[in-house]
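Peer 1: Residue numbers (my numbering), protein chains in the order written: chain A, 1 to 403; chain B, 1001 to 1403.
1) By DSSP's criteria, residue 1146 of chain B is part of a beta bridge. Which residues make up the other side?
2) So, helix, strand or coil for residue 367 of chain A, using DSSP?
3) Around the Cβ of residue 1232 of chain B, are there at least 16 other Cβ atoms within 10 angstroms (buried) or fewer (exposed)?
4) By the 9 Å beta-carbon criterion, what residues does the stretch 1111-1141 of chain B contribute toward chain A?
5) When you compare only the Cα positions, how much space is there between residue 1059 of chain B and residue 395 of chain A?
6) Quick check on residue 1045 of chain B: buried or exposed, where buried means 16 or more other Cβ atoms within 10 Å of its Cβ?
7) Determine the chain A residues that contact residue 1041 of chain B at a beta-carbon separation under 9 Å, and present them in chain order.
8) If you pair each beta-carbon of the stretch 1255-1263 of chain B with each one of the stretch 1355-1373 of chain B, do three or more pairs fall below 8 Å?
9) Does DSSP put residue 1260 of chain B in a helix, a strand or coil?
10) Please report the distance separating the alpha-carbon of residue 1 of chain A from that of residue 53 of chain A.
11) Taking buried to mean at least 16 other C-beta atoms within 10 Å of its own C-beta, is residue 43 of chain A buried or exposed?
12) Does the beta-carbon of residue 308 of chain A, which I'm using as the reference point, lie nearer than 7 Å to any heavy atom of the ligand MN?
13) Compute the beta-carbon to beta-carbon distance between residue 1383 of chain B and residue 1307 of chain B, rounded to the nearest angstrom, for a pair I have assumed lies under 8 Å.
14) From which residue to which residue does the beta strand (DSSP E) around residue 1099 of chain B run?
15) Among B/1235, B/1171, B/1120, which has the Cα closest to the Cα of residue 1155 of chain B?
16) Report the neighbours of residue 7 of chain A on chain B: residues whose CB is nearer than 7 Å to its CB, in chain order.
17) In three-state DSSP terms, what is residue 1081 of chain B?
18) Residue 105 of chain A and residue 55 of chain A: beta carbons closer than 8 Å?
19) From A/340, A/15, A/304, pick the residue whose C-alpha is nearest to that of residue 319 of chain A; which is it?
20) Along chain C, in chain order, which residues have C-beta atoms closer than 8 Å to that of residue 1215 of chain B?
21) Three or more beta-carbon pairs under 8 Å between the stretch 1070-1089 of chain B and the stretch 1239-1252 of chain B, yes or no?
22) Might you give, ordered along the chain, the residues of its own chain that have their beta carbon closer than 6 Å to the beta carbon of residue 13 of chain A, omitting 5 neighbours on each side?
23) Given a cut-off of 8 Å, decide if residue 1225 of chain B and residue 1125 of chain B are closer than it, judged by their beta-carbon atoms.
24) For the beta strand (DSSP E) that residue 269 of chain A lies in, which residues bound it at each end?
25) Could you tell me the boundaries of the alpha helix (DSSP H) in which residue 141 of chain A lies?
26) Within 8 Å of any Cβ in chain B, is that where the Cβ of residue 270 of chain A sits?
27) Are the stretch 143-153 of chain A and the stretch 163-182 of chain A touching by the rule of at least three beta carbon pairs closer than 8 Å?
28) Short of 9 Å Cβ to Cβ, which residues in the stretch 1184-1206 of chain B face chain A?
29) Give the straight-line distance between the Cα atoms of residue 169 of chain A and residue 277 of chain A, rounded to the nearest whole angstrom.
30) Which whole-angstrom value describes the C-beta separation of residue 390 of chain A and residue 369 of chain A, a residue pair presumed to lie in contact below a C-beta threshold of 8 Å?
31) Within the continuous beta strand (DSSP E) that includes residue 1284 of chain B, where are the two ends?
32) Kindly indicate the opening and closing residues of the alpha helix (DSSP H) around residue 36 of chain A.
33) If I'm right that residue 1354 of chain B touches residue 1342 of chain B with Cβ under 8 Å, what's the distance once you round it to whole angstroms?
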């Protein structure tokens, strides 16, 4: 679409952070690959060594054709569709399929190339949750502890008497509305607090993620039901940083990006105080999230080295309480949300990270399959994307299991 | 000094872009390693391959002790000083010495570590100049052409009738005052144009580097004398981008960072329209600038591969006209400035990139030596740093030549 092409780009093709709605469609399709050009960011370093090579199929073209031709029926009916057609329907920017640890399918579209990075959005939560789960499994974070016992500054907020586990599973009772259509929704106060731009002169609200978290009010009781609220991930980021003395970026680098042999640095956008956005600020390379998914599938082992206890994957796979999960996500009914991962219903033991424009790290243990998808679906609504995604992923799993 | 430590850092130890003077001492000592956390930036990708390893001395400790003990007398007199003492005197953050292509000395201080990046400031100009010199040597940029013949939008500004070479050598006649102490100096109009932050409501000035360049007025005649003015580098960045259709970041990646086997991505801060700051916005790893210096010393060849014509180095080494260089830089009297590189007086054929807080890539062909230094000297004045730098570098060169 010609966004940001030319020196300078034409006036109606410039996307900038201060002046325009850079994260709505169609600008979104450019912005998802260029977050660092719009915002201050902090690096998730891969270190300085050689990347750990991914293994590839010897005959990738043949397998690619087989997968492209797979047919499935979208959830809720509708005309059958091929895998190849589903990529366009979902505004896919990049897709990678690993089977038995080997890349069997990899394609790039839109703004993304193999050496690019893409906004992960809410998949960031799953990274934060994974880091927390590692600390829990290693015994340095007690998930039964009250949040206020770890972060005393939170004493006056609704988080004070939640347990770490309730935060990790988003079963906290918080007054926090994420209805983007409501101009008075909490999300806007949160956004104003989080923005790295200078505050307006008459601004009296919280500054930065941490100050926002300190003033979240309660709504309902902790532990009763799953409510998807981004602020839990930011709270978890603060917990993890307080316990380790390290920013989420630094911890992700030390525990994951460096030892797993990532091929690109990742990065996370920061607020005006340099705090990384643990609830949604990650941008990363497609293959590196493939390495991450494979590492989870392999219960923490890569190339014979153990990066974290097997209990981390097992805890995520056990899932949360489906009764608390409720009916808000029809396509996932019977599933759950735990440690900031979505645990899917069905007998494959699937768990996944999910971003709001169709991004996913989808781990299918039964099929020994990992799918990573970056996408920039125009509307921030996975319920619109799941119908042409979940059966497509199942079709690939069945295809690979039959081999 | 505890800048930005803790979750959150104490209020008097927070450094943010919108609210504080983040680039003055002592905050400077943190900010030079963290520019991307304060500003939007564009990546200079190293690509996805394994870094090209640097060769190291088998017995580094012994050579390090020898170099640390070297004594020299600062320019202008003063007590003799050891090399080791000079590092502290110059607020060195990182220093690397290559001899015959082999690392013989490497140390990190302050905010920098081997896997960190540091603000290069005006060394960015030398990167832009190198890219331009490569295009000239390859025949895709005519350095005798008028700027307006390449960038017609510049027709109304002082740059219009300058030649590309005059821009590359900063012998343009431009009204542009970089006196930071004068509140009406052009540098402040330029800074306001360049800032990626939203403009104040009543703002009527130029927006972005390119608009600024379009309204630079003439002062004196082109070609008569060297005047160090940053805007020349931004103009050269525009020229280079117009000729290649690529941003300076992308070109630096394609022509240098990828093929030379850089071990880290670099990055350049961008204005509100996504244009990289070709006059000062680079941050990079110490060793990667060592690779760059070595590549120049070796006239474009690395590991047997030629990345650019030998004429590039030769053109820089021939220098500009010392008569035009004048007396503004006493320590460099008899030298010159060409292709955005400083050509030093003396019989070693030294040429260098220089940043305003003591950063340098110092290439000494006679000694087959490259020194890269990152520093955060409190005052932005190389004349205060040269006295304890130039004789120190010469002492190391003589030491290495005697081996």
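Where a beta carbon is used, it is the ideal one built from N, C-alpha and C, also for glycine.
Peer 2: Based on what the coordinates show:
1) B/1163
2) coil
3) With 16 or more other Cβ atoms within 10 Å, it is buried.
4) 1114, 1115, 1116, 1117
5) 59 Å
6) buried
7) 36, 37, 40, 41
8) no
9) coil
10) 34 Å
11) buried
12) This structure lacks the ligand MN, and indeed carries no ligand of any kind.
13) Not really, about 34 Å apart at Cβ, beyond 8 Å.
14) For residue 1099 of chain B, the uninterrupted beta strand (DSSP E) segment begins and ends at 1092-1099.
15) B/1235
16) For residue 7 of chain A, the residues of chain B that pass the 7 Å Cβ criterion are 1238, 1241, 1242, in the order they occur in the chain.
17) strand
18) no
19) For residue 319 of chain A, the nearest C-alpha among the options comes from A/340.
20) Of the chains in the structure shown, none is chain C; the protein chains are A and B.
21) The stretch 1070-1089 of chain B, when compared against the stretch 1239-1252 of chain B, does not touch it at the 8 Å Cβ threshold.
22) In the same chain as residue 13 of chain A, and ignoring 5 residues on each side of it, the C-beta atoms closer than 6 Å to its own belong to 2, 3, in chain order.
23) no
24) First-last of the beta strand (DSSP E) with residue 269 of chain A: 266-269.
25) Here residue 141 of chain A belongs to no alpha helix (DSSP H), and DSSP marks it neither H nor E.
26) yes
27) yes
28) 1196, 1197, 1198, 1199
29) Distance between the alpha carbons of residue 169 of chain A and residue 277 of chain A: 18 Å.
30) Not quite, the Cβ-Cβ distance comes to about 14 Å (not below 8 Å), so this is no contact.
31) 1282-1284
32) 35-38
33) 6 Å
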